[in-house]
Structure formats: structure tokens, C-alpha cells
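As C-alpha cells, the structure follows; a few thoughts come after it.
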Amino acid sequence: MEEFKVIDNYLMIRLPDEIDHHKSVDISAKADRYILSKKVGNIVFDFERTTFMDSSGIGIILGRYKKISCFGGKVYAINTDNRIRRILLMSGLQNIVEIMATENRGGQDDRNS
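For the sequence shown, the working numbering gives the first residue as 905, with consecutive numbering after it.
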């Protein structure tokens, strides 16, 4: 189950273990409500528990980026394992999302990948 928390000007979204089409619709809708009602300026996607993500996960990130960037906000991805990081890089999301270094998640340090 995903979790949403507002910390200062950031919406922290702790994503579930699996992100597929069915979960992505709910996550996107909840995130949009937080963006509009809490007036957050940035979004942090926390992938600590995520072991599977299909293309709908890319859609979640891209859609929230489009909304938050209109207000000058930024999007971050944290705690990505090698598989999730590879999906983000292959999709080109590193051009719009800051993928933060994570210590030894998935067997290697982000700075070496």
C-alpha cells in the first residue's frame, strides 16, 4: 500500500511493492488531490519497497511532473534498486526527475551505475 505524507513543501509518496495499471490510477488520483489541496511544490517518489514497476509507473511520474513543473516544482526518485533505476533511465526520466543516490540498494551504489 502506498503512503502519502506532506513534509514542508514536499509531497512524499512511498510507493507499494508492485506498481501496475490498477494501482497507478489510484496513486495518480491521490497524488493529484494532495498537489492541489496541500499546495506542495515538489514531489519525492520513494521506491524503497518497490520490486516491480511496469510502464504505468512511468506514467505516474510523468503525469505528476507535468502538474508540478507548471508551478516550478521538481520531482525526485529515492531508494531505487537496480531494476527500478534501469527502468527510469531507459525511459529517459532522468532528464526530468532527479534520481537520488542510494547507499547500496540492489547490490551497488548509484554513483557507480
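Glycine included, C-beta positions come from ideal geometry on N, C-alpha and C.
Per DSSP, the beta bridge partners of residue 980 are 948, 1002. In this structure, the alpha-carbon of residue 961 lies about 7 Å from that of residue 924. In the three-state reduction of the DSSP assignment, residue 953 falls in the coil class, being assigned neither a helical nor a strand state.
Secondary structure at residue 909: strand, using DSSP grouped into helix, strand and coil.
Burial is judged here by how many other beta carbons sit within 10 angstroms of a residue's own beta carbon; residue 906 has at least 16 and is buried.
In the three-state reduction of the DSSP assignment, residue 919 falls in the coil class, being assigned neither a helical nor a strand state.
Per DSSP, residue 943 lies in no alpha helix (DSSP H) and is assigned neither H nor E. Residue pairing from DSSP places residue 914 in a beta bridge opposite 911, 946.
Judged by beta-carbon spacing, residue 1000 lies beyond the 8 Å limit of residue 989, meaning their Cβ atoms are not closer than that value. The beta carbon of residue 927 lies closer than 7 Å to those of 920 in the same chain, with the five residues before and after it left out.
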